[in-house]
Amino acid sequence: MFDTNGAPSSQVESPEQPSDHSFLTWLQVAAFIYLLLAGVSTIGAGFKWASGGAEGAEKIFAFATIPVVGVILGTLSTALVQSSSTVTSVIVGLVAGGVPVSIAVPMIMGANMGTTITNTIVALGDVKDGKTFNKAFRASTVHDFFNLYSIVIFLPIEAIFHPLERMGGALSNMLVGDFNASMKGINFIGALTKPPAEWIQGRLAGMSDTLGGIVMAAIGIGFIFMSVARLGKVLGAVMRGPAKQIVDKSFAAGPVVGILAGTMITVLVQSSSTTTSLVVPLAAAGVLSLRQVYPFTLGANIGTCITAVLAATAVSGVGAGVAMQIAMVHLLYNVFGVIVFAVVPFLYDLPVRSAEWLGNKTEKHRGWAFGYIGLVFFLLPGSVLAVQAQLDGDETPQESPEFDPAAKMEVEEEMQKSGTVIE
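In our numbering, the protein residues as written are 11 to 433.
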């Protein structure tokens with residue numbers, strides 16, 4: 011009588027029914043997805059240009075003197091630079107220069123949180139329609155809430171006992187060697203989406219870095235809004251009958267399969283932002299439910315860390331151990347996060363319930379969405395940065411006598427040559 015979504019069986023399209031869409035319709039889907047990814051790439055390049063990229067992130071991290079501040083500034087720097095891999099490479103350089111790993115680990119946790127802003131911006135493309143926006147915003151923020159609750163759980167444990175730092179160091183000693191498993195050169199998504207961003211940046215080259223970056227990010231947001239507005243309608247047309255059944259069967263195998271799928275796809279495309287951004291329009295169109303999206307985003311968290319570990323094998327010299335330790339800390343943090351949330355039932359449901367609550371709020375009052383993005387990613391971290399900058403007598407790690415700028419620069423050069431920084 012009813013299908014798995016509760017709809018009367020008489021209304022469910024039979025797989026034998028002739029499809030009312032054509033190759034041209036699927037071509038539209040591909041075109042709008044490309045426009046979406048190009049928009050994500052353009053936003054990232056714009057934010058990076060405006061904020062100073064790695065140099066800007068490094069300036070922000072100069073004020074990270076305690077773990078809590080490290081988390082918050084890790085969130086801010088990644089939200090501004092729009093590249094967790096760039097921020098991670100900066101952190102590796104700082105650790106090589108003498109910044110304690112105990113401060114670097116919270117920075118990594120913050121970078122995990124900051125990178126989720128991209129798919130949240132993608133959800134804004136559906137802001138006009140309340141119910142659709144609810145589904146899109148839920149799908150985007152479930153990732154945020156998982157990362158937020160992971161920080162709440164793991165930060166105190168790490169600050170007191172340092173398990174991630176110690177395990178990351180031990181694994182680093184085991185894995186650093188002569189082999190190179192880097193996936194540099196096979197980032198086909200980056201190769202496809204970079205040209206539009208580079209062309210736009212070239213046209214804006216006469217502007218100041220800040221203004222040019224802001225304009226570029228605005229153009230990227232425009233790309234996203236245009237693609238999402240059309241993509242939802244086109245997906246609604248093609249995701250029927252056999253196509254819908256294939257998707258349902260793929261995600262019906264359970265959370266473990268969803269996590270594995272998210273992991274593998276992210277390893278292939280080498281960008282968790284790309285992976286998580288793609289599922290937002292699918293959720294908005296009703297193709298995927300929130301509980302189907304959730305494990306997929308957990309896999310994306312793990313996948314981007316695996317890519318970082320593989321990239322770290324390409325680093326040689328004095329930076330090899332540091333690069334591998336930071337990469338392993340990031341991987342262990344996300345793997346343990348998934349395990350802890352999976353074995354504790356109320357924890358696993360907590361991000362879902364939080365995303366549903368926020369989605370319901372944004373459906374009624376759109377201001378909740380903009381307030382959430384501004385508060386979590388910019389206002390709160392920016393306030394902490396401003397307060398920390400005003401404190402007198404506090405020595406930043408880069409100003410301490412133990413800090414070695416030459417070692418930091420040497421490691422950064424090694425990472426640049428090896429292609430460890432993944433866009």
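Each residue gets a CB set at the ideal place from its N, CA and C atoms; glycine is no exception.
Alpha-carbon spacing of residue i relative to residue j, whole angstroms
i           : j           : result
residue 172 : residue 137 : 42 Å
residue 392 : residue 305 : 31 Å
residue 363 : residue 353 : 17 Å
residue 231 : residue 380 : 14 Å
residue 41  : residue 264 : 30 Å
residue 48  : residue 291 : 15 Å
residue 283 : residue 321 : 18 Å
residue 178 : residue 111 : 10 Å
residue 221 : residue 323 : 37 Å
residue 240 : residue 39  : 9 Å
residue 183 : residue 167 : 23 Å
residue 77  : residue 180 : 21 Å
residue 102 : residue 157 : 21 Å
residue 80  : residue 113 : 6 Å
residue 342 : residue 107 : 23 Å
residue 377 : residue 226 : 24 Å
residue 93  : residue 126 : 10 Å
residue 302 : residue 34  : 28 Å
residue 91  : residue 68  : 11 Å
residue 319 : residue 271 : 19 Å
residue 159 : residue 216 : 43 Å
residue 370 : residue 163 : 26 Å
Exposure label - residue i; buried when at least 16 CB within 10 Å
i           : result
residue 218 : exposed
residue 294 : buried
residue 20  : Residue placement at residue 20 is flagged as unreliable, the pLDDT there being 43, under the threshold of 50; the coordinate-derived value follows with that caveat. Exposed, by the Cβ-count rule.
residue 116 : buried
residue 58  : buried
residue 10  : The question about residue 10 has no answer, for the chain in this structure spans 11 to 433.
residue 344 : buried
residue 176 : exposed
residue 206 : buried
residue 32  : exposed
residue 361 : buried
residue 400 : exposed
residue 153 : buried
residue 385 : exposed
residue 266 : exposed
residue 53  : buried
residue 208 : exposed
residue 170 : exposed
residue 201 : exposed
residue 402 : In this prediction, residue 402 has a pLDDT of 45, which is less than 50 and means its spatial position is unreliable; nothing more can be read from the coordinates.
Proximity of residue i and residue j at Cβ, strictly below 9 Å
i           : j           : result
residue 382 : residue 151 : yes
residue 331 : residue 186 : yes
residue 236 : residue 165 : no
residue 85  : residue 121 : yes
residue 82  : residue 297 : no
residue 310 : residue 98  : no
residue 335 : residue 105 : yes
residue 140 : residue 234 : no
residue 87  : residue 66  : yes
residue 43  : residue 288 : yes
residue 223 : residue 60  : yes
residue 46  : residue 238 : yes
residue 174 : residue 346 : yes
Inter-residue CB distance, residue i and residue j (contact presumed, cutoff 8 Å)
i           : j           : result
residue 372 : residue 129 : Not really, about 15 Å apart at Cβ, beyond 8 Å.
residue 269 : residue 348 : 7 Å
residue 286 : residue 307 : 5 Å
residue 123 : residue 70  : Residue 123 to residue 70, Cβ: 14 Å. No contact.
residue 280 : residue 55  : Rounded, the Cβ-Cβ distance is 16 Å, inconsistent with contact.
residue 339 : residue 313 : Actually they are not in contact, since the Cβ atoms of residue 339 and residue 313 sit about 16 Å apart, beyond 8 Å.
residue 388 : residue 89  : 7 Å
residue 3   : residue 365 : In this structure the chain extends from 11 to 433, so residue 3 is not present and cannot be described.
residue 1   : residue 62  : Nothing about residue 1 can be read from this structure; the chain reaches only from 11 to 433.
9 Å Cβ cutoff, residue i in contact with chain D
i           : result
residue 371 : The displayed structure is made up of one protein chain only, and chain D is not part of it.
Reference residue i, options the options, closest by Cα
i           : options            : result
residue 300 : 69, 104, 148       : 148
residue 316 : 45, 95, 43, 350    : 95
residue 228 : 132, 174, 163, 319 : 132
residue 398 : 34, 36, 72, 93     : 72
residue 37  : 390, 245, 375      : 245
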